[in-house]
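Mapped onto our numbering, the consecutive letters of the sequence shown carry residue numbers 1 to 305.
Data first, discussion second: the structure below is written as C-alpha cells.
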Amino acid sequence: MRGSGLLLLCVAAVLFSLWANGSAFAAEAELVHRYKVGDFEVIQLSEGESDRDPSLFVGATPELVEKYVPTGTYVTATNTFLIRTPDRLVLVDTGYGRELFKNLKAVGVKPEQIDTVLLTHMHGDHIGGLLRDGKPAFPKAAVRLARQELEYWTSEEIMKASPPDRQDRFKSSIEVTKSYGDAVQTFEPGALGSEIPELLPGIRPIAAFGHTPGHTLFMVESGGERLLIWGDLTHAMAIQMPAPEVAMTYDSDPQMAVASRLAVLKYVAENKIPIAGMHVPLPALGTVTTAADGVGYTFTPTAKR
Ligand SMILES: [Zn+2]
C-alpha cells in the first residue's frame, strides 16, 4: 500500500511538472516573439490583446466603421520591444508593467541588465512599467525620450490647464521623471526621410508628432536590414490601415496624428521597411503595402524567424 501510494505521488509529480513546463512554454509562445534585424535581435514582449469599440474613433464615417469594423469591435494589443545588440540591451517602452517582468524573465533578462529604456511617448501604457513599488524598475538604465514629450508631460502649467480626468497622465509622468532623476535624458527626434544621427548604435529617433506632442518612432538598422518600431502610429489596425485618416480620442492633436500616419505609411510602403507597433495585434511585426484599390494600406504580419 505504502509503495503504491509513493508511486502515485511520483506519477502525480511528473504529470504536474509536465503541465507546468507546458503552460510556461505556451505562455512564452503567446506573449514573446523573436525576430532578427541584421546582428540585432528584436523581441516582442506582449501584455496581451483586447477588444475595443469604435467609440474611440475620431473622424470615422458610419460607412467606414461598417466596412472595416463590421462586428462592432476590433483587436488591439499592448506591446513593448526588447532590442538585443552585440553590446546593449535596449527596451522600447514598458507597457503597463503588468506582464513585462514575467516576459523579461521568460527571455532570461533581468531588469538591471537593461542599459537604456527608449520611450515613444509618455502615455500610461508605455511608462507604466518604469516604476515598481514607486522605485525605478530599471536601476541601471538611462531613460531617453524626445525633449518635446518630456517638456509637455512634466509641465505643471499644462497639467493645471487640462481637464481633471486627464491630469493623472501628467502626474505619473512627473513621478517617473523625479524617480529616475539624472537618468532621464532627452533627444531631438529627426524628420522622416532626413539624415538622422544615431541615438545608440543602429537606432535613430524619428518625429511623428500628433498622437502626443513628442511622439517618436525608432528606426532600427543592422547589417543592411531595417525595422521601424512605430509606437502608437496606429491603435486600430483594422480601420487605420485601410483608412489612415481615422484618428483616436486619445490623440493630442488628431489632425497632426493623421498627417504623421499618412507620411509614415507612405514612407515604409515605398521603402519596404518592416514595422513593429505597440498596439499591433500579435505577432506585432509585419510589412505595409499600398492597398490593391490604391486607397489606404494593407498590413501583412511577418512570420517568426
Ligand atoms: Zn499612446
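For each residue, glycine too, the CB sits at the ideal point set by N, CA and C.
* Asked: Is the beta carbon of residue 252 less than 7 Å from the beta carbon of residue 287?
  -> In the sequence shown, the residue the question calls residue 252 occupies position 252. In the sequence shown, the residue the question calls residue 287 occupies position 287. Against a cut-off of 7 Å, the Cβ pair of residue 287 and residue 252 comes out as no contact.
* Using DSSP with H/G/I as helix, E/B as strand and the rest coil, what is residue 176? -> Walking along the sequence shown from the start, residue 176 turns up at place 176. Residue 176 falls in the helix class under three-state DSSP.
* Asked: In the region 231-270, which residue ranges form an unbroken alpha helix (DSSP H) of at least 4 residues, counting only runs that do not cross its ends?
  -> Entirely contained in the region 231-270, the alpha helix (DSSP H) runs reaching 4 residues are, in chain order, 237-240.
* **Between the CA atoms of residue 282 and residue 53 - distance to the nearest angstrom** => Translated into the one-based positions of the sequence shown, residue 53 becomes position 53. Translated into the one-based positions of the sequence shown, residue 282 becomes position 282. One Cα belongs to residue 53, the other to residue 282, and the distance between them is close to 19 Å.
* To do: Starting from the Cα of residue 116, find the closest Cα among 234, 274, 130 and 270 and give me that residue.
  => Here residue 116 refers to the residue found at position 116 of the sequence shown. Here the closest residue by C-alpha is 130.
* Give the DSSP-derived three-state secondary structure of residue 96 in the structure shown. => Taking the first residue of the sequence shown as position 1, residue 96 is located at position 96. Coil at residue 96, not helix or strand.
* To do: Going by CA-CA distance only, name the one from 206, 39 and 80 that's closest to residue 87.
  => Here the question's residue 87 lines up with position 87 in the sequence shown. Nearest C-alpha to residue 87: 39.
* To do: List the residues that DSSP assigns as beta-bridge partners of residue 51.
  => Translated into the one-based positions of the sequence shown, residue 51 becomes position 51. When DSSP reads this structure, residue 51 sits in a beta bridge with 75.
* So what's residue 215 in DSSP terms, helix, strand or just coil? -> Residue numbering aside, residue 215 sits at position 215 when the sequence shown is read from its first letter. Coil, per DSSP.
* Asked: Are the Cβ atoms of residue 220 and residue 203 separated by less than 7 Å?
  -> By one-based count along the sequence shown, residue 220 stands at place 220. By one-based count along the sequence shown, residue 203 stands at place 203. In this structure, residue 203 lies closer than 7 Å to residue 220 by Cβ.
* Asked: Exposed or buried, which one is residue 139 when buried takes at least 16 other CB atoms within 10 Å?
  -> Locating residue 139 in the sequence shown gives position 139, where the first residue counts as 1. The residue is exposed, with fewer than 16 neighbouring Cβ atoms inside 10 Å.
* Could you tell me if residue 297 is buried or exposed, where buried requires 16 or more neighbouring beta carbons within 10 angstroms of its beta carbon? => If you number the sequence shown from 1, residue 297 lands on position 297. Of the residues assessed, residue 297 falls on the buried side of the cut-off, its CB having 16 or more other CB atoms within 10 angstroms.
* **Limits of the unbroken beta strand (DSSP E) element including residue 286** => Position 286 of the sequence shown, counted from the start, is the residue given in the question as residue 286. 285-290 is the extent of the beta strand (DSSP E) around residue 286.
* Asked: Should residue 133 go down as buried or exposed, given a rule of 16 or more other Cβ atoms within 10 Å for buried?
  -> Looking up residue 133 in the sequence shown gives position 133. Exposed, by the Cβ-count rule.
* Own chain residues within Cβ distance below 6 Å of residue 254, not counting five before or after -> Along the sequence shown, read from residue 1 onward, the residue named residue 254 stands at position 254. Shown here for residue 254: same chain residues with a beta carbon closer than 6 Å to its own, the five before and five after excluded, namely 58 and 247 in chain order.
* What did DSSP end up calling residue 297 once you bin it into helix, strand or coil? -> The sequence position of residue 297 within the sequence shown is 297, counting from 1. Here residue 297 sits in strand by DSSP.
* By C-beta, the residues closer than 7 Å to any heavy atom of ligand 1, given in chain order -> Matched residues: 121, 123, 125, 126, 211, 212, 232 and 250.
* Contact between the region 141-150 and the region 168-184 (3+ Cβ pairs under 8 Å) -> With a cut-off of 8 Å, the region 168-184 and the region 141-150 count as touching, because enough Cβ pairs lie within range.
* **Whether residue 227 touches residue 268 by CB criterion (7 Å)** => Within the sequence shown, numbered from 1, the residue matching residue 227 stands at position 227. Within the sequence shown, numbered from 1, the residue matching residue 268 stands at position 268. No, Cβ-Cβ distance for residue 227 and residue 268 is not below 7 Å.
* Asked: With burial defined as no fewer than 16 other Cβ atoms inside 10 Å of the residue's Cβ, what is the status of residue 113: buried or exposed?
  -> Working through the sequence shown from its first residue, we reach residue 113 at position 113. It is exposed - the Cβ of residue 113 has fewer than 16 other Cβ atoms within 10 Å.
* To do: Just mark residue 166 as buried or exposed, buried being the case when its beta carbon has 16 or more other beta carbons within 10 Å.
  => Here residue 166 refers to the residue found at position 166 of the sequence shown. It counts as exposed.
* **Coil, strand or helix - residue 225 by DSSP** => In the sequence shown, counting from the first residue as 1, residue 225 sits at position 225. DSSP places residue 225 in strand when its eight states are reduced to three.
* Asked: Between residue 155 and residue 236, what straight-line distance do the alpha-carbon atoms span, to the nearest angstrom?
  -> Within the sequence shown, numbered from 1, the residue matching residue 155 stands at position 155. Within the sequence shown, numbered from 1, the residue matching residue 236 stands at position 236. Roughly 29 Å between the two C-alpha positions.
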